Every structure is written in structure tokens, then in C-alpha cells.
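Chemist: Take this structure, written in C-alpha cells, and hold onto it; I'll ask about it next.
In full-length UniProt numbering, the protein residues as written are 1 to 200.
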């Protein structure tokens, strides 16, 4: 016995309210041109069908394998990140913001707007920064402000460089899923080199 109903497009148009009401009790499959097209399900059924975001991530993915080393390095510099958080009043945890900046480098995401979009729908990105499936991404303004705060601190940028140098550089040739943007990293570093020279 099927645990769902099937309707065609014409019936959907004619009986939408009744079909939606029926979908509260059991899922309804909507057919178009004789083939399954969309499903109508209740909120409870939908929530129940969703798994933890980690269950969608291949355990052999390079980012999964390397994350423990990344987190170890971030933990070693926890004091710097916590101090930055206290000074700047960041809304995104500094360690999380570091993960976001690493994603931008590793996948050569060309703009903050595209990075923001990826965080909304890319399951790998969401997993890496610690977002659940149903968790809302911060507003773009918050994301932009907090990333700028990190990039404005020389210690944070040097920590990013350290992570790239110690965790990724030796093995990048064996990890084709990454397209590391060295030029962007050099831009971040050069900003502080100029500031340091000016202060001297």
C-alpha cells in the first residue's frame, strides 16, 4: 500500500486547497506530463526527512580529512582570536569566520557576495563552518563586517597564512578539488606589510 498520493497538474489546479490539506496527513506526489515533478509534504514530514548536514559529506573528502589539523592550529591561537572578538565585538565567532575565509581561498570564491550565496546552499561549506541544515546564515552585512574585522588584523591574516602553509601547501597537487587563490592571500598579507612599513 502506497504511503503517499499522486495527482496530475490539472487536478492540482482544480483542487489545490484540498490537496494541500491532504498533504498534512501524507505526502502528495504531483505528476507533470506523466512523470513525478514535485512533492507536497507537511512541515513535520519535511523536518523529519532532513538529516544532519555531516551525513551528506563524503568522509574521504580532503577538507574532511584536513579539518582536524586546521582546528588544532586555530586552537593553538585561541587567545588571539578570543582577544580579537572581545576588542571588535564580532557577531560571528572568530574561529568560524576563519573557516569562511579559508573556504574563500581554497575554492577561489571571487567575491563576498558569492561566498555568502555558497554558505546558503553549499552543504560542504555549511558543514565546514558549522551550520546545520536548518540554520540561517548571518546577514550579508554581518558577514562582510566580521570578515573585514579579521582581515584588518595582522595576527589573523598571518594565522591564515600559517594554516595554508602547514596544512595545505605540501599536498595541494594531490587535492584537485581545491583551486587555492594565492593572489588573494598575498593581497591580504600585503595590506599589513604596507601598514607595518608605514609605522616604521
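Backbone N, C-alpha and C fix where the C-beta goes; we use that ideal spot for every residue, glycine too.
Bear in mind that the values here come from a model prediction, so they are computed numbers and not experimental data.
What number of angstroms, rounded off, separates the C-alpha of residue 204 from the C-alpha of residue 188?
Modeler: Here the chain comprises residues numbered 1 to 200, so residue 204 is not present and cannot be evaluated.
Chemist: Comparing C-alpha positions only, which one of 190, 126 and 143 sits nearest to residue 89?
Modeler: To locate residue 89, count along the chain shown from 1; it is residue 89. Per the Cα distances, 143.
Chemist: If we ignore side chains and look at the alpha-carbon of each, how far apart do residue 14 and residue 117 end up?
Modeler: As a working note, residue 14 is residue 14 in the chain shown. As a working note, residue 117 is residue 117 in the chain shown. Looking at the two C-alpha atoms, the distance is approximately 36 Å.
Chemist: Just how far apart, CA to CA, sit residue 135 and residue 119?
Modeler: Taking the chain shown and counting its residues from 1, the one referred to as residue 135 is at position 135. Taking the chain shown and counting its residues from 1, the one referred to as residue 119 is at position 119. Going by the C-alpha atoms only, they are around 11 Å apart.
Chemist: Can you tell me the Cβ-Cβ gap for residue 73 and residue 163, rounded? I've got them flagged as a contact below 8 Å.
Modeler: Taking the chain shown and counting its residues from 1, one reaches residue 73 at position 73. Taking the chain shown and counting its residues from 1, one reaches residue 163 at position 163. Going by Cβ atoms, the distance from residue 73 to residue 163 rounds to 5 Å, so yes, they are a contact pair.
Chemist: When you compare the CB positions of residue 38 and residue 23, do they come within less than 8 Å of one another, or not?
Modeler: As a working mapping, residue 38 is identified with position 38 in the chain shown. As a working mapping, residue 23 is identified with position 23 in the chain shown. In this structure, residue 23 does not lie closer than 8 Å to residue 38 by Cβ.
Chemist: Compute the beta-carbon to beta-carbon distance between residue 57 and residue 64, rounded to the nearest angstrom, for a pair I have assumed lies under 8 Å.
Modeler: Taking the chain shown and counting its residues from 1, the one referred to as residue 57 is at position 57. Taking the chain shown and counting its residues from 1, the one referred to as residue 64 is at position 64. About 6 Å separates the two Cβ atoms, so the contact holds.
Chemist: Of all the options 192, 158 and 31, which has the alpha carbon lying nearest to the alpha carbon of residue 10?
Modeler: Within the chain shown, numbered from 1, the residue matching residue 10 stands at position 10. Taking only the C-alpha atoms, the option nearest residue 10 is 31.
Chemist: For the beta strand (DSSP E) containing residue 31, list its first residue and its last residue.
Modeler: If you number the chain shown from 1, residue 31 lands on position 31. Note, residue 31: beta strand (DSSP E), 28 to 32.
Chemist: Of the residues 85, 68 and 138, which one's Cα is nearest the Cα of residue 167?
Modeler: As a working mapping, residue 167 is identified with position 167 in the chain shown. Selected option, being the one with the closest Cα: 68.
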